[in-house]
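Chains as they are written, first to last, in the working numbering: chain A, 1 to 114; chain B, 115 to 229.
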């Protein structure tokens with residue numbers, strides 16, 4: 001079974017631009033969540049999608065948005081990029097919303113904002 | 115509010131030494147779930163173990179073992195006979211019933227295993 005895939009793996013953007021990151025969950029998994037990892041703030045939850053609906057949202061500004069498609073693939077978008085948005089963005093999937101089900105993470109997209 | 119504390123920022127050991135990574139958590143929920151993840155240099159978080167709050171049995175998987183103690187709100191991870199391949203950042207994480215996918219992570223412990 002293929003794991004969680006994320007594209008692109010690396011991205012360089014300049015301040016003010018916008019970016020879209022993509023995540024394909026494990027086949028059969030309907031829940032996708034996104035995390036931001038930075039040296040200063042560590043791993044922080046961005047949002048969670050299940051059956052195309054946002055179920056949970058972290059404490060990030062509105063510049064960060066996401067969506068999920070009917071095939072469970074998810075995208076996240078960051079508009080008006082700031083230097084502080086440079087981070088590793090990790091996507092995770094799991095089969096459903098039951099709390100005890102572990103999440104499986106993708107390799108991440110490393111975003112650099114210049 | 116949920117909180118996970120990994121007080122050890124970095125640990126260095128020599129191969130074949132045993133090493134314990136500490137994790138202390140805070141939660142008001144009576145039903146919660148604890149996890150350990152490994153992050154090698156490649157960046158991908160690798161799931162290691164899940165423990166439910168109502169199951170305090172310790173677990174052993176090969177060279178890995180976990181000690182869950184609700185009385186001290188700790189979920190420590192021990193690697194026996196460490197190997198160079200164990201070098202990575204290890205994260206402890208917590209979620210609760212109704213928390214969905216929202217994992218609260220600790221700051222991680224960088225483990226370096228040297229020859």
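C-beta atoms are modelled at their ideal positions from N, C-alpha and C, and glycine is treated no differently.
Counting only residues of its own chain and dropping the five nearest sequence neighbours on each side, residue 187 (chain B) has a CB closer than 7 Å to the CB of 138, 139, 140.
By the rule that beta-carbons nearer than 8 Å mark a contact, residue 223 (chain B) does not touch chain A.
For residue 44 (chain A), the uninterrupted beta strand (DSSP E) run begins and ends at 42-50, by DSSP. Flagged as an interface residue toward chain B: residue 42 (chain A), by a C-beta distance shorter than 8 Å. Interface with chain B (8 Å Cβ-Cβ cutoff): residue 114 (chain A) is excluded. According to the DSSP assignment, residue 188 (chain B) belongs to the beta strand (DSSP E) that extends over 188-193. Residues of the stretch 144-161 of chain B with a Cβ closer than 9 Å to any Cβ of chain A, in chain order: 145, 146, 147, 149, 151, 153, 156, 157, 158, 159, 160, 161.
At least one CB of chain A lies nearer than 8 Å to the CB of residue 205 (chain B).
Close partners of residue 107 (chain A) in chain B (Cβ separation under 9 Å): 156, 157, 158. Under the three-state reduction of DSSP, residue 127 (chain B) is assigned to strand.
Flagged as an interface residue toward chain B: residue 48 (chain A), by a C-beta distance shorter than 8 Å.
The Cβ-Cβ distance between residue 20 (chain A) and residue 77 (chain A) falls below 8 Å.
Taking 8 Å as the CB threshold, residue 60 (chain A) stays off the interface with chain B. In the three-state reduction of the DSSP assignment, residue 81 (chain A) falls in the coil class, being assigned neither a helical nor a strand state. Annotation note: the stretch 128-209 of chain B contains the following uninterrupted beta strand (DSSP E) runs of length 3 or greater, listed N- to C-terminal: 133-135, 138-140, 146-153, 160-166, 173-175, 178-183, 188-193. Below 8 Å, enough C-beta pairs join the stretch 151-161 of chain B and the stretch 201-216 of chain B to call them touching: three or more.
Residue 34 (chain A) has its alpha-carbon roughly 26 Å from the corresponding atom of residue 191 (chain B).
Here DSSP, grouped into helix, strand and coil, assigns residue 59 (chain A) to coil.
Separation of the CB atoms of residue 46 (chain A) and residue 54 (chain A) is rounded to 10 Å, and the pair is thereby denied contact status at 8 Å. Listed as beta-bridge partners of residue 111 (chain A) by DSSP are A:11, A:87. The alpha-carbon separation between residue 157 (chain B) and residue 104 (chain A) amounts to approximately 13 Å. When the five nearest sequence neighbours on each side are left out, the beta carbons in the same chain lying within less than 7 Å of the beta carbon of residue 88 (chain A) are those of 37, 108, 110, in order along the chain. Membership of residue 21 (chain A) in the beta strand (DSSP E) is indicated by the continuous run 19-24.
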